[in-house]
Amino acid sequence: MDTPESSGKEHLENITVPSALVSKRFGDDLKGALENGDMVNVLLDWRESLPHPDERVEYEFWTNSNDECGAKCDMQMSFVRDFRGVAQVLEQRGYTQFAPHYITWYCPEAFVLSAQCRSQCVNHGRYCAPDPEQDFTTGYDGKDVVVQNLIQICLFKVANESRKPWLWWDYVHDFAIRCPMKEKKYTTDCAHGVIKSLGMDIDKITQCVGDPDADEDNPVLKAEQDAQIGHGARGDVTILPTFVVNNRQYRGKLDKRAVLRAICSGFEETTEPDICLTQDIQTNQCLENNGGCWLDKNTNFTACKDTFRGRVCECPVVNGVKFVGDGYTHCEASGVGRCQINNGGCWKETRNGKSVSACSNEQAKGCKCPQGFKGDGIHGCEGRYRH
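In structure tokens:
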């Protein structure tokens, strides 16, 4: 940065050498002492860069469900994908206490009935978010973003009450994949599908969300607005994304290694967990509820794959036969040889020593009743056997 005016936040994440940022007042004092020819000794105590109130580090991630805000949204989702496994291990082992947050603002009372406020706000202008495309005439509106943010907050609250707060990371990751704006799937119905696949209580989450059209306060969103206001050394939260570690705002790159380093600095020296000292994270997130992925209980074929970044739902390849589908709710055998795998998921029957099947290796996918039979090919086919 060449001038004080250019000292924007965008420069901070590009600092890669050991550095310390000081206030202008302190910097002027240092320069004054140097100009006077005085000997200047500066002691940097890195141990106290963050407070250590207890043996557990508490951190907040201020984020957004919007996936159409360009590079910033892409960066947030890339971070969620990479950091998810680390965050879940830290939470499951009791090393951290995590909380997601979402920024909203309110519409001035004089403009509550304007087209802009109606499209960007819920609860009669009380809680607003910017239009994803910056165009009020097309695509999704800001109020759609507020509703999805609210669902994510409530999901975290319900998960936290059931002592599984780490499920928030799975939900946000899966929602971004299964319910993107560009595919016109950024809806409450799609969100409920993701919630169901994770085995969570939709009724409790819906009750928490409340009525976005009601002319009244929403206690969950009101708490989010109050949390934006800084207390003590924390400062106000005004930009996305923002990380807060032990009540101090993090300044740096939003990537797995840098953020983990910031969290680990919240532990007293020599008390940090092993995960802070190694990149190896041993966990298997497919063990519980099959990771929320597709599972064929008859054959025990699963789409859940555990990785160091967390689990992914990806249809498997079994004995050279590739399964196709979304990996969350559906996978089916495809291509040559598919009928050898659970008969391709199709109907099959043996009568009087003669077998008939609705699966054909000549077709890449699907089920079709054989000639002379009628039915859907999956649940059943009816007809006469040829002798």
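Numbering (our numbering), first residue to last: -3 to 383. Note that CB positions come from ideal geometry on N, CA and C, so glycine has one too.
Count the other C-beta atoms from every protein chain shown that fall within 10 angstroms of the C-beta of G28, then say buried if there are 16 or more, exposed otherwise. As a first step, residue 28 must be located in the sequence shown, where it is residue number 32. So G28 ends up on the exposed side.
Give the straight-line distance between the Cα atoms of A299 and G228, rounded to the nearest whole angstrom. Within the sequence shown, numbered from 1, the residue matching residue 299 stands at position 303. Within the sequence shown, numbered from 1, the residue matching residue 228 stands at position 232. Roughly 47 angstroms between the two C-alpha positions.
Please name the residue, chosen from N315, L86 and C272, that lies closest to Q338 on a Cα-to-Cα basis. Walking along the sequence shown from the start, residue 338 turns up at place 342. In the sequence under discussion, the amino acid at residue 338 is Asn, which differs from the Gln named in the question. Nearest C-alpha to N338: N315.
Assuming G23 is part of the alpha helix (DSSP H), what are its boundary residues? Within the sequence shown, numbered from 1, the residue matching residue 23 stands at position 27. From DSSP, the alpha helix (DSSP H) with G23 extends over K20 to E31.
Do the CB positions of V118 and Q148 come within less than 8 angstroms of each other? As a first step, residue 118 is located in the sequence shown; it is residue number 122 there, counting from the start. As a first step, residue 148 is located in the sequence shown; it is residue number 152 there, counting from the start. For V118 and Q148, no; Cβs fall outside 8 angstroms.
So, helix, strand or coil for H444, using DSSP? Absent from the model: residue 444. The displayed extent of the chain is -3 to 383, so no value can be given.
Kindly confirm or deny that the segment 72 to 85 and the segment 119 to 126 touch, where touching means at least three C-beta pairs closer than 8 angstroms. no
Simplified DSSP assignment, three categories, for E54: Position 58 of the sequence shown holds residue 54. Note: E54 maps to strand in three-state DSSP.
In chain order, what residues of the same chain lie with their CB nearer than 7 angstroms to the CB of A210, ignoring the 5 residues before and after it? Within the sequence shown, residue 210 is the residue found at index 214, counting from 1. So the list reads N119, once near-sequence residues are dropped.
Can you give the Cα-Cα distance for L30 and F239, rounded to whole angstroms? Position 34 of the sequence shown holds residue 30. Position 243 of the sequence shown holds residue 239. So the alpha carbons of these two residues sit roughly 36 angstroms apart.
Look at Q221 and V233 and say whether their C-beta atoms are less than 8 angstroms apart. Working through the sequence shown from its first residue, we reach residue 221 at position 225. Working through the sequence shown from its first residue, we reach residue 233 at position 237. Against a cut-off of 8 angstroms, the Cβ pair of V233 and Q221 comes out as no contact.
Do N280 and D302 have their beta-carbon atoms positioned less than 8 angstroms apart in this structure? The sequence position of residue 302 within the sequence shown is 306, counting from 1. The sequence position of residue 280 within the sequence shown is 284, counting from 1. A contact, by the Cβ cut-off of 8 angstroms.
Looking only at C-alpha atoms, which of G306, R334, C282 and A106 sits nearest to F319? In the sequence shown, the residue the question calls residue 319 occupies position 323. Closest option to F319, Cα to Cα, is R334.
Could you work out which residue in R52, M35 and G23 is closest to T388 when comparing CA atoms only? Because the chain in this structure spans residues -3 to 383, residue 388 falls outside the shown range and cannot be described.
What residue does the alpha helix (DSSP H) around S353 start on, and which one ends it? For the purposes of this step, residue 353 is identified with residue 357 of the sequence shown, where counting begins at 1. S353 -> not in any alpha helix (DSSP H); beta strand (DSSP E) instead, spanning K350 to S353.
Between the beta-carbon of W343 and the beta-carbon of A360, is there less than 8 angstroms? Looking up residue 343 in the sequence shown gives position 347. Looking up residue 360 in the sequence shown gives position 364. Against a cut-off of 8 angstroms, the Cβ pair of A360 and W343 comes out as no contact.
What is the residue span of the beta strand (DSSP E) that C377 lies within? Along the sequence shown, one-based indexing puts residue 377 at 381. It spans C377 to G379 - the beta strand (DSSP E) in which C377 sits, taken as one unbroken run.
Let's test the definition: count the other Cβ atoms within 10 Å of the Cβ of G33 and tell me whether it reaches 16, buried, or not, exposed. To locate residue 33, count along the sequence shown from 1; it is residue 37. By the neighbour-count rule (16 or more Cβ atoms within 10 Å), G33 is not buried but exposed.
Less than 8 angstroms between C-beta atoms, sequence neighbours within five positions excluded: which residues of the same chain meet that for I277? Here residue 277 is taken as the residue at index 281 of the sequence shown, counted from 1. Because the pLDDT of I277 is 49, which lies under 50, any placement of that residue in the model is unreliable, and the question is left without a value.
Have a look at V141 and V36 and give me their C-alpha separation to the nearest angstrom. As a first step, residue 141 is located in the sequence shown; it is residue number 145 there, counting from the start. As a first step, residue 36 is located in the sequence shown; it is residue number 40 there, counting from the start. For V141 and V36, the distance between alpha carbons rounds to 52 angstroms.
Alpha-carbon to alpha-carbon, A125 and A106: Translated into positions along the sequence shown, residue 106 becomes position 110. Translated into positions along the sequence shown, residue 125 becomes position 129. Between A106 and A125, the C-alpha separation is close to 18 angstroms.
Backbone secondary structure at E212 - three-state DSSP: For the purposes of this step, residue 212 is identified with residue 216 of the sequence shown, where counting begins at 1. In the structure shown, E212 sits in coil (DSSP, three-state: anything other than H, G, I, E or B).
Roughly how many angstroms lie between the CA atoms of K200 and I173, to the nearest whole one? Here residue 200 corresponds to residue number 204 of the sequence shown, with the count starting at 1. Here residue 173 corresponds to residue number 177 of the sequence shown, with the count starting at 1. Straight-line Cα distance between these residues: approximately 24 angstroms.
Under 8 angstroms, do N357 and V332 count as touching if we go by C-beta distance? Residue mapping note: residue 357 aligns to position 361 of the sequence shown, counting from 1. Residue mapping note: residue 332 aligns to position 336 of the sequence shown, counting from 1. Yes, Cβ-Cβ distance for N357 and V332 is below 8 angstroms.
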